[in-house]
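Residue 70 is where the sequence shown ends in our numbering, and the numbering goes up by one at each step. The beta-carbon is built from N, C-alpha and C at its ideal position, and this holds for glycine as well. What follows is a single structure, written as structure tokens, with notes after it.
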Amino acid sequence: MSEEQKAEQVETALAEIKRQLSARDDRIAELEKRLENQEYSVRSVLDMLIDWLETDTQASPTSSRDAA
């Protein structure tokens, strides 16, 4: 195998590595975006739950004693 063929193989391998790294970086960016969206959703649900609990306990603080 000539030096030129070896150099061509190295260039081809490097191009493939760059392509794979780019694809990996794109996938990581996708996953980070999904994580941000999921974190936002969880925080929103928790905020609504806290608001609901606070409103429910303020509206009828004696209802739990009456039920017992």
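Original post:
Can you give the Cα-Cα distance for Ala17 and Asp27, rounded to whole angstroms?
Top reply: Here residue 17 corresponds to residue number 15 of the sequence shown, with the count starting at 1. Here residue 27 corresponds to residue number 25 of the sequence shown, with the count starting at 1. Computed Cα separation, rounded: 15 Å.
**OP:** Give me the Cα-Cα distance between Gln11 and Arg21, rounded to the nearest whole angstrom.
**Re:** Locating residue 11 in the sequence shown gives position 9, where the first residue counts as 1. Locating residue 21 in the sequence shown gives position 19, where the first residue counts as 1. Rounded to the nearest angstrom, the two C-alpha atoms are 15 Å apart.
Original post:
If you draw a straight line from the alpha carbon of Thr57 to that of Val47, how long is it in whole angstroms?
Top reply: Sequence index remark: in the sequence shown, residue 57 carries index 55 (1-based). Sequence index remark: in the sequence shown, residue 47 carries index 45 (1-based). Rounded to whole angstroms, Thr57 to Val47 spans 15 Å at the Cα level.
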